[in-house]
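Chemist: Structure provided below as structure tokens; questions to follow.
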Amino acid sequence: MRHGKKHNHLSRTHSHRAAMLSNMASSLILSKRIETTVAKAKELRKYVEPLLTRAKDDTYQNRRVLFSYLQNKETMKELFNVVSDKISNRPGGYTRIIKLGNRIGDNAETCIIELVDFNETLLTAASEEQKATRTRRGRRSGGRKADETAEAAPVAEAKVEDVPAAEVVTEEAPAAAGDDLALVEGIGPKIAEVLNGAGITTFAQLADSTPEAIKEILDNAGSQFAIHDAGTWPQQAALARDGKFDELKTLQDELKGGRAS
């Protein structure tokens, strides 16, 4: 009897089941959708959704906890740099199971499990359906506004033509975007925002900073950032500034969360 047994053991030992779910969670985060059996997908959903919820708060403790489950540095980068930003406004239910039918051979029921926010086809269809269900009054008011805009456009163009060429002020080109500081091991999107707010937007600026100065910036940003160790960040930024990404990858493989092992 299975009285009180809440989880499906999937006919595996505890260590085998934990390793399998960890690998499947990494594949789901990296590929955004995987095909498996319905039984495994249901267990994977219970396994990975709490991890995704924890990833929305980018702290050193959360990174340590998630790494203990996933054991994959590339998965950690994808989770905190891409997935966490995409799911930040979703209160739960990050995955979707789509059944495919039974497979030939063992007749197991198969399905696709995917991250909801990365299915562009369904997201586009939902937005188009939302536009199509607007009220009749909304369509009339929208059409009236469009007509008013179309009528106002020639007037605006005439005013521009009347201004002498010497008095026309052209808009300046936007400033060049900074470097992606999240490429440095130990820096997530939220820490990158803190550094950008302090004026550090490029690898060169980060490389010229001292660990003590970076630590002071993190301390001023709040206690959740003060726990990070910035000892190796200038060294990593110097390699990224010089385009030595192979050496940077070698260095990062020897680090744990941005600090020397």
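Per the numbering used here, residue 54 is the first one in the sequence shown, and the count goes up by one each step.
Note that the Cβ used here is the ideal one computed from N, Cα and C, for glycine as well.
(1) From the DSSP secondary-structure annotation, give me the bridge partner or partners of Glu151.
(2) Three or more C-beta pairs closer than 8 Å, one from the stretch 117–126 and one from the stretch 143–162: is that the case here?
(3) When the Cα atoms are used, what is the spatial distance from Ala251 to Pro264?
(4) Beta-carbon separation of Ala260 and Pro287 under 7 Å?
(5) My output table needs one value for Glu265: the three-state DSSP class, helix, strand or coil.
(6) Quick one: grab the DSSP three-state call for Arg156.
(7) Taking 7 Å as the threshold (C-beta atoms), are Gly241 and Asp111 in contact?
(8) Could you give the uninterrupted runs of the alpha helix (DSSP H) lying entirely in the stretch 104–148, keeping only those of 4 residues or more?
(9) Does Leu63 come out as helix, strand or coil in the three-state DSSP assignment?
(10) Return the bridge partner residues of Thr90 from the DSSP annotation.
(11) What do you get for Phe298, buried or exposed, if any count of 16 or more other CB atoms within 10 angstroms of its CB means buried?
(12) Could you compute how far the alpha carbon of Arg70 sits from the alpha carbon of Lys59?
(13) Would you kindly work out how many angstroms separate the C-alpha atoms of Val136 and Ser64, rounded to a whole number?
(14) Can you list, in chain order, the residues of its chain whose CB lies under 8 Å from that of Leu83, leaving out five sequence neighbours each side?
(15) If contacts are defined as beta-carbon pairs under 8 Å, then Cys164 and Val91 qualify, I think. What distance do you get, rounded to the angstrom?
(16) When the distance is taken between beta carbons, is His281 closer than 7 Å to Leu292?
(17) Only counting the same chain, and skipping five residues up and downstream in sequence, which positions put a Cβ closer than 7 Å to that of Asp306?
Modeler: A quick look at the data gives this:
(1) Here the question's residue 151 lines up with position 98 in the sequence shown. Looking at the sequence shown, residue 151 is not Glu but Ile. DSSP lists Ile165 as partners of Ile151.
(2) no
(3) As a first step, residue 251 is located in the sequence shown; it is residue number 198 there, counting from the start. As a first step, residue 264 is located in the sequence shown; it is residue number 211 there, counting from the start. Each residue's Cα considered, the two are about 14 Å apart.
(4) Translated into positions along the sequence shown, residue 260 becomes position 207. Translated into positions along the sequence shown, residue 287 becomes position 234. In this structure, Pro287 lies closer than 7 Å to Ala260 by Cβ.
(5) In the sequence shown, counting from the first residue as 1, residue 265 sits at position 212. Of the three classes helix, strand and coil, the one that applies to Glu265 here is helix, per DSSP.
(6) Within the sequence shown, residue 156 is the residue found at index 103, counting from 1. Coil.
(7) On the sequence shown, residue 111 is found 58 positions in, with the first residue counted as 1. On the sequence shown, residue 241 is found 188 positions in, with the first residue counted as 1. Yes; because the gap between Cβ atoms is below 7 Å, this pair is in contact.
(8) 113–123 and 126–131
(9) Taking the first residue of the sequence shown as 1, we reach residue 63 at position 10. The answer is coil: DSSP assigns Leu63 none of H, G, I, E or B.
(10) For the purposes of this step, residue 90 is taken as the residue at position 37 of the sequence shown. Partner(s): Thr163.
(11) Sequence index remark: in the sequence shown, residue 298 carries index 245 (1-based). It counts as exposed.
(12) As a first step, residue 70 must be located in the sequence shown, where it is residue number 17. As a first step, residue 59 must be located in the sequence shown, where it is residue number 6. Approximately 15 Å between the Cα atoms of the pair.
(13) Start at 1 with the first residue of the sequence shown, and residue 136 comes out as number 83. Start at 1 with the first residue of the sequence shown, and residue 64 comes out as number 11. Whole-angstrom Cα-Cα distance: 31 Å.
(14) Taking the sequence shown and counting its residues from 1, one reaches residue 83 at position 30. Excluding residues within five positions, the ones whose Cβ falls inside 8 Å are Glu127, Thr128 and Glu131.
(15) Position 111 of the sequence shown, counted from the start, is the residue given in the question as residue 164. Position 38 of the sequence shown, counted from the start, is the residue given in the question as residue 91. Indeed, because the Cβ distance is near 5 Å, the residues count as touching under 8 Å.
(16) Counting from one through the sequence shown, the residue named residue 292 turns up at place 239. Counting from one through the sequence shown, the residue named residue 281 turns up at place 228. No. Outside cutoff.
(17) Within the sequence shown, numbered from 1, the residue matching residue 306 stands at position 253. Taken in chain order, the list of residues that qualify is empty.
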